[in-house]
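For reference, the structure discussed in these notes is given below.
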Amino acid sequence: MNKDIQFQIECITVELAEMLMQEYKWDMQKCLDQIYGSRLYEKINEPNCKLYYQGTVYLFDYLQREIETGKLQ
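Written as structure tokens, this is what we have:
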């Protein structure tokens, strides 16, 4: 994975963590644990999926559903 894509993924991760903090009132560590442990994060890191090109709000919707249902839909 090239540095530009990795940077995009890192920016998405920070934004998702901030959104989780606002939505669930969790601390940063819990938010990052949720993100890094999610199936969505695995998919974001798969170059062929190209999810790193999607907007953070779009990805947050998937992350939120995964947290609430236990599966990526």
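Okay, so the sequence shown: first residue is 37 according to my numbering, each after it adds one. Positions of the beta carbon are idealized from the N, C-alpha and C atoms, including for glycine. Please read all numbers here as calculations on a predicted model, not as lab measurements.
| Asked | Found |
| --- | --- |
| Which residue spans inside the stretch 45 to 74 form an unbroken alpha helix (DSSP H) run of at least 4? | 64 to 72 |
| Could you name the residues of the same chain whose beta carbon sits closer than 7 Å to that of TYR88, not counting the 5 residues immediately before and after it, in chain order? | ILE41, GLN44, ILE45, ILE48, ILE80 |
| For TYR94, does the count of other Cβ atoms within 10 angstroms reach 16, so buried, or fall short, so exposed? | exposed |
| Measure from the alpha carbon of LYS39 to the alpha carbon of each residue in ALA53, LYS61, PRO83, then state which is nearest. | PRO83 |
| Using C-beta distances below 7 Å, list every residue in its chain close to MET37, excluding the 5 sequence neighbours before and after it, in chain order. | PRO83 |
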